[in-house]
Structures are given as C-alpha cells and as structure tokens.
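> My questions will all concern the structure given below.
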Amino acid sequence: MAAMGGEARRRAILRWLGESGSPVPGGELAERSGVSRQAVARDVAVLRAAGHGIVATSRGYVLGAAGGRGRTRVFKVRHTRERLAEELRTVVDLGATVEDVIVNHRVYGVVRGRLGIASRRDVDRFMRSIESGRSAPLMEVTSGYHFHTVSAPDEETLDAVGHALDEAGFTAPILPYERDALAGE
Numbered sequence: 001m002a003a004m005g006g007e008a009r010r011r012a013i014l015r016w017l018g019e020s021g022s023p024v025p026g027g028e029l030a031e032r033s034g035v036s037r038q039a040v041a042r043d044v045a046v047l048r049a050a051g052h053g054i055v056a057t058s059r060g061y062v063l064g065a066a067g068g069r070g071r072t073r074v075f076k077v078r079h080t081r082e083r084l085a086e087e088l089r090t091v092v093d094l095g096a097t098v099e100d101v102i103v104n105h106r107v108y109g110v111v112r113g114r115l116g117i118a119s120r121r122d123v124d125r126f127m128r129s130i131e132s133g134r135s136a137p138l139m140e141v142t143s144g145y146h147f148h149t150v151s152a153p154d155e156e157t158l159d160a161v162g163h164a165l166d167e168a169g170f171t172a173p174i175l176p177y178e179r180d181a182l183a184g185e
C-alpha cells in the first residue's frame with residue numbers, strides 16, 4: 001500500500017480508532033496507512049496536541065474520555081488480587097470503561113498505567129496477562145489501594161458505578177494529600 005500524506009493519515013487514524021470497539025495496535029495502524037510505527041506515534045502526538053483524546057494502552061490506541069466518551073470520575077478502591085476481576089466487571093457491566101489504574105506511592109509518587117477496559121472480554125484478556133505471572137498488578141505495591149479513572153456516557157452511569165463499587169465493598173475515601181497528588185500530576 002502506498003503511504004498516505006500526513007493530514008490524510010491523521011484523519012484516517014481518528015476514523016479507524018473511532019470505528020473500532022477495541023484498542024488498535026500501532027503496527028496495524030502503520031500497516032493500514034503504509035508508514036512505520038514511529039510515524040504513527042508522531043501522528044498520535046500531533047493529534048493529542050490538537051485536543052484528540054487518544055490513549056495508548058498495552059493493546060493499542062483508543063479514543064479516551066477526552067475523545068468523546070462523555071464524563072470521567074476517579075474512584076479510590078482497595079481489594080485483593082482475588083477480587084480484581086470482580087472489581088473490573090462491576091464497572092464494565094454498567095456500561096463504563098476503566099481507563100487507567102493509578103497508585104500514589106510514598107516513594108515514587110503517582111504512577112499511572114493505561115488500561116482501556118470496556119467489556120468482560122477486555123477484563124478476561126487483562127486477567128490472563130496478570131495470571132501469566134510476568135507482571136503484578138500495580139495495586140500490590142500499595143497494599144491493595146489504588147485509583148481508577150472511569151469514563152461513561154453520563155453522570156448517572158458514573159453514579160451507578162460508584163454505588164456498585166461501594167456496595168461491593170471496594171471503595172475507600174480519597175484523602176486530602178492524595179487529592180493534591182492526583183491534581184498535581
């Protein structure tokens with residue numbers, strides 16, 4: 001395939017991400033547009049600078065909350081590894097997306113990992129990665145305490161997510177120093 005011009009390629013990347021129901025790997029975007037993965041990464045940087053909410057996850061690029069997913073809210077939660085899938089399913093079953101995981105480490109500060117988990121299938125894929133034993137969940141470095149940015153189409157869905165997480169015993173109060181750390185990120 002012949003390489004597209006820069007502007008046409010960036011429009012196509014936005015279209016492909018908008019049409020996809022799951023993350024699109026950089027290699028796939030590169031192949032579709034006839035350029036290198038590095039060129040795609042530069043295009044994504046240009047699109048982000050222009051205000052498009054493209055998020056890089058471990059499985060590829062997605063349009064994040066700033067890209068039209070509606071509202072976001074940060075929830076502080078705590079649980080064991082054994083309840084990780086239950087927590088994620090609680091969110092996605094209500095039609096919301098777990099955009100990231102954040103820990104506020106006393107030594108390293110705020111550490112964020114992009115997730116983009118929007119379905120039970122995404123939860124299952126994530127859990128297989130964790131269970132492979134190659135990496136541990138970030139929450140394990142902070143005794144199970146962590147934060148998630150959750151996106152949803154509206155405030156009512158976010159309220160339902162908060163209620164469901166609370167009912168399941170997952171929520172923890174956000175302390176003033178944590179709020180300041182997250183805001184200063």
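With the UniProt record's numbering, letter number 143 in the sequence shown gets 143, and the count goes up by one each step, no holes. We treat Cβ as the ideally placed atom computed from N, Cα and C, and that holds for glycine. Predicted, not measured: the structure shown is a model, and the values here were computed from it.
Considering Val141, what are the terminal residues of the alpha helix (DSSP H) in which it resides?
Translated into positions along the sequence shown, residue 141 becomes position 141. Looking at the DSSP string, Val141 is not in any alpha helix (DSSP H), and its letter there is neither H nor E.
> Compute the beta-carbon to beta-carbon distance between residue 256 and Arg78, rounded to the nearest angstrom, for a pair I have assumed lies under 8 Å.
Residue 256 lies beyond the stretch modelled for the chain, which goes from 1 to 185, so this question has no answer here.
> Relative to the C-alpha of Glu86, which candidate in Lys76, Val107 and Ala164 has its C-alpha closest?
Reading the sequence shown from its first residue, position 86 is the one you call residue 86. Selected option, being the one with the closest Cα: Ala164.
> Determine the contact status of Ile117 and Thr149, defining contact as a CB-CB distance below 8 Å.
Locating residue 117 in the sequence shown gives position 117, counting from the first residue. Locating residue 149 in the sequence shown gives position 149, counting from the first residue. Taking 8 Å as the cut-off, the Cβ atoms of Ile117 and Thr149 do not count as close.
> From what residue to what residue does the alpha helix (DSSP H) around Thr157 run?
Looking up residue 157 in the sequence shown gives position 157. First-last of the alpha helix (DSSP H) with Thr157: Glu155 to Glu167.
> As an exercise, report each continuous alpha helix (DSSP H) stretch of at least 4 residues that is fully enclosed by the UniProt domain "Helix-turn-helix type 11" (9 to 61), in chain order.
Correct list: 26 to 33 and 37 to 49.
> So the alpha helix (DSSP H) Val91 belongs to, where does it begin and stop?
For this step, residue 91 is matched to residue 91 along the sequence shown. First-last of the alpha helix (DSSP H) with Val91: Leu84 to Val92.
> Which stretch, first to last residue, makes up the alpha helix (DSSP H) that contains Leu182?
By 1-based counting over the sequence shown, the position of residue 182 is 182. That run of the alpha helix (DSSP H) goes Pro176 to Ala183.
> Would you kindly check if the distance between the Cβ of His105 and the Cβ of Val46 is under 8 Å?
In the sequence shown, counting from the first residue as 1, residue 46 sits at position 46. In the sequence shown, counting from the first residue as 1, residue 105 sits at position 105. Going by C-beta atoms, Val46 is not nearer than 8 Å to His105.
> Count the C-beta pairs between the stretch 33 to 46 and the stretch 7 to 19 that are closer than 8 Å, then say yes if the count reaches three, no if not.
Short answer: they touch.
> In the DSSP output, what is Arg106 paired with across the bridge?
As a working mapping, residue 106 is identified with position 106 in the sequence shown. Arg106 is not bridged to any residue.
> By DSSP's criteria, Ala152 is part of a beta bridge. Which residues make up the other side?
Working through the sequence shown from its first residue, we reach residue 152 at position 152. Its beta-bridge partners are Arg71.
> Using a 10 Å radius around the Cβ and a threshold of 16 neighbouring Cβ atoms, would you call Tyr108 buried or exposed?
Locating residue 108 in the sequence shown gives position 108, where the first residue counts as 1. Classification of Tyr108: exposed, given that the 10 Å Cβ count is below 16.
> Do Gly60 and Pro25 have their beta-carbon atoms positioned less than 8 Å apart in this structure?
Walking along the sequence shown from the start, residue 25 turns up at place 25. Walking along the sequence shown from the start, residue 60 turns up at place 60. Cβ distance < 8 Å, so Pro25 and Gly60 count as in contact.
> Less than 6 Å between C-beta atoms, sequence neighbours within five positions excluded: which residues of the same chain meet that for Met139?
The residue given as residue 139 occupies position 139 in the sequence shown. If we look at Met139 and ignore the five residues flanking it on each side, its Cβ neighbours are His146.
> Going by the CB atoms, is the gap between Leu17 and Val62 shorter than 8 Å?
As a position in the sequence shown, residue 62 is number 62, starting the count at 1. As a position in the sequence shown, residue 17 is number 17, starting the count at 1. It is a contact, given that the beta carbons lie within the stated cut-off.
> Quick one: is Gly68 buried, meaning 16 or more other Cβ sit within 10 Å of its Cβ, or exposed?
Position 68 of the sequence shown, counted from the first residue, corresponds to residue 68. Only weak support is given to the placement of Gly68: the predicted model assigns it a pLDDT of 41, under 50, and the value that follows is read from those uncertain coordinates. Label assigned to Gly68: exposed.
> Hey, Asp100 and Arg112 are a contact pair by Cβ (cut 8 Å); roughly how many whole angstroms apart?
As a working mapping, residue 100 is identified with position 100 in the sequence shown. As a working mapping, residue 112 is identified with position 112 in the sequence shown. Sure, about 5 Å apart at Cβ, within 8 Å.
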